[in-house]
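Asks: Quick one: this structure, given as structure tokens, is what I'll be asking you about.
In our numbering, the protein residues as written are 135 to 404.
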């Protein structure tokens, strides 16, 4: 039973680290730089940790940049305020993600640029063979624990979380981070800081802070807001693995959701 819990927690946090560090802060925002060798290392670690729920760095970066530009407007890829529930929100996100991934939807050039690419690994990670294989590995591990390690049958209910780890992380952040909590800043959207100490999502639930300072590597803004990923980033920087960039504290590299909402309303009334 203890082994299963350890395996679940390790999978949760290694996958989450890759999502916030590599997909979000590096691929989407380029908060720091790294050599090609280290980029390939974290690219592969992302594939290993996400497994059956692997997310493309390119598609993730494009959708996340669109999210910042259209935050909480009808054009936001995943706003909880324009969908009925968390499931319809993520289904909408899935459809847009697949359209971007397969390059069947036109994307503005400012969103579709400057992200890590590894064609061979992307093709493997997005294949059904890879997804089913990873799902089989997770299942066999739990069956082994049930048969030989006296695991309680109720732990099998953790398997769907393993299967969909990446999207589940996204669902928690996108739904809670724009619906529940408090706001330090008026960002002209509904972004929230959902937790005072965000150990659960490694800083990702400081969405209000992040939308105010989209290029800042530290998602915490007040003294009690601890972003657990930031000390890791500082350590990697001190070791020379990454090189941090100066953050633009009050400006967004994309247009704000408020600007896009004004544009949208003007077009609708024209």
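In this text, a Cβ means the ideal position worked out from N, Cα and C, and glycines have one as well. None of these values were measured; they are calculated from a predicted model.
When you compare only the Cα positions, how much space is there between residue 245 and residue 135?
Replies: Locating residue 245 in the chain shown gives position 111, where the first residue counts as 1. Locating residue 135 in the chain shown gives position 1, where the first residue counts as 1. Distance between the alpha carbons of residue 245 and residue 135: 45 Å.
Asks: For residue 390 and residue 199, I'd like the C-alpha separation in whole angstroms.
Replies: On the chain shown, position 256 is the one that residue 390 refers to. On the chain shown, position 65 is the one that residue 199 refers to. Below a pLDDT of 50, predicted positions are generally treated as unreliable, and residue 390, at 44, falls in that range; the measurement from the model is reported next regardless. So the alpha carbons of these two residues sit roughly 10 Å apart.
Asks: Which partner residues does residue 327 have in the DSSP bridge list?
Replies: The sequence position of residue 327 within the chain shown is 193, counting from 1. Answer is 316 and 340.
Asks: Rounded to the nearest angstrom, what separates residue 166 and residue 207 at their Cα positions?
Replies: Taking the chain shown and counting its residues from 1, one reaches residue 166 at position 32. Taking the chain shown and counting its residues from 1, one reaches residue 207 at position 73. Rounded to whole angstroms, residue 166 to residue 207 spans 29 Å at the Cα level.
Asks: On the premise that residue 337 lies in contact with residue 184, defined as a C-beta separation below 8 Å, what is that separation, rounded to the nearest angstrom?
Replies: If you number the chain shown from 1, residue 184 lands on position 50. If you number the chain shown from 1, residue 337 lands on position 203. Going by Cβ atoms, the distance from residue 184 to residue 337 rounds to 18 Å, so no, they are not a contact pair.
Asks: In terms of residue numbering, what span does the beta strand (DSSP E) encompassing residue 207 cover?
Replies: Within the chain shown, the letter at position 73 stands for residue 207. No beta strand (DSSP E) contains residue 207, which DSSP labels as neither H nor E.
Asks: Keeping to the same chain, check which residues put their C-beta closer than 7 Å to that of residue 193; ignore five residues upstream and five downstream.
Replies: As a first step, residue 193 must be located in the chain shown, where it is residue number 59. Only 231, 234 and 235 meet the Cβ criterion.
Asks: Please state whether the Cβ-Cβ distance between residue 311 and residue 339 is less than 8 Å.
Replies: Here residue 311 corresponds to residue number 177 of the chain shown, with the count starting at 1. Here residue 339 corresponds to residue number 205 of the chain shown, with the count starting at 1. It is a contact, given that the beta carbons lie within the stated cut-off.
Asks: Give the secondary structure of residue 367 by DSSP, where H, G and I count as helix, E and B as strand, and everything else as coil.
Replies: On the chain shown, position 233 is the one that residue 367 refers to. Residue 367: helix per DSSP, three-state reduction.
Asks: Quick one: is residue 374 buried, meaning 16 or more other Cβ sit within 10 Å of its Cβ, or exposed?
Replies: For this step, residue 374 is matched to residue 240 along the chain shown. Counting Cβ neighbours within 10 Å, residue 374 comes out exposed, since fewer than 16 surround it.
Asks: Helix, strand or coil for residue 92? Go by DSSP, reduced to three states.
Replies: The first residue shown for the chain is 135 and the last is 404, placing residue 92 beyond what the model contains.
Asks: Taking its Cβ as the centre, do 16 or more other Cβ atoms sit within 10 Å of residue 261, making it buried, or is it exposed?
Replies: Stepping through the chain shown from its first residue, residue 261 is reached at position 127. With fewer than 16 other Cβ atoms within 10 Å, it is exposed.
Asks: Please classify residue 320 as buried or exposed, where buried requires at least 16 other C-beta atoms within 10 Å of its C-beta.
Replies: In the chain shown, residue 320 corresponds to position 186, counting from 1. So residue 320 counts as exposed.
Asks: Measure the alpha-carbon distance for residue 366 versus residue 180 and round it to whole angstroms.
Replies: Along the chain shown, read from residue 1 onward, the residue named residue 366 stands at position 232. Along the chain shown, read from residue 1 onward, the residue named residue 180 stands at position 46. If I take the Cα positions, the gap works out to 16 Å.
Asks: The beta strand (DSSP E) that contains residue 156, what's its start and end?
Replies: Locating residue 156 in the chain shown gives position 22, where the first residue counts as 1. Run containing residue 156: none; DSSP gives neither H nor E here.
Asks: Of the choices 264, 341 and 302, whose alpha-carbon is the least far from that of residue 360?
Replies: In the chain shown, residue 360 corresponds to position 226, counting from 1. Out of 264, 341 and 302, 341 has the C-alpha closest to the C-alpha of residue 360.
Asks: Taking the beta strand (DSSP E) that residue 377 falls in, what are its first and last residues?
Replies: Taking the first residue of the chain shown as position 1, residue 377 is located at position 243. First-last of the beta strand (DSSP E) with residue 377: 376-378.
Asks: Kindly list the residues whose CB is nearer than 6 Å to the CB of residue 190, restricted to its own chain and excluding five residues on each side of it in sequence; keep chain order.
Replies: Along the chain shown, read from residue 1 onward, the residue named residue 190 stands at position 56. So the qualifying residues of the chain are 235 and 256.
Asks: Ordered along the chain, which non-local residues of its own chain (more than five positions away) have a Cβ less than 6 Å from that of residue 216?
Replies: Within the chain shown, residue 216 is the residue found at index 82, counting from 1. These residues qualify, in order along the chain: 208.
Asks: Within the same chain, show all residues whose beta-carbon is closer than 8 Å to that of residue 142, passing over the 5 residues directly before and after it, in chain order.
Replies: Walking along the chain shown from the start, residue 142 turns up at place 8. Taken in chain order, the residues that qualify are 292, 295 and 296.
Asks: Within a Cβ cutoff of 7 Å, which residues of the same chain sit near residue 195, ignoring the five residues on either side of it in sequence?
Replies: Position 61 of the chain shown, counting from 1, holds the residue named residue 195. Within the same chain, residue 195 has close Cβ partners 161, 162 and 249.
Asks: Using the three-state DSSP reduction, which class does residue 224 fall into: helix, strand or coil?
Replies: Walking along the chain shown from the start, residue 224 turns up at place 90. DSSP places residue 224 in helix when its eight states are reduced to three.
Asks: Does the Cβ-Cβ distance between residue 152 and residue 176 come in under 8 Å?
Replies: To locate residue 152, count along the chain shown from 1; it is residue 18. To locate residue 176, count along the chain shown from 1; it is residue 42. The answer is yes: Cβ separation under 8 Å.
Asks: If you run the structure through DSSP and keep just helix, strand and coil, what is residue 200?
Replies: Here residue 200 is taken as the residue at index 66 of the chain shown, counted from 1. In the structure shown, residue 200 sits in a helix (DSSP, three-state: H, G or I).
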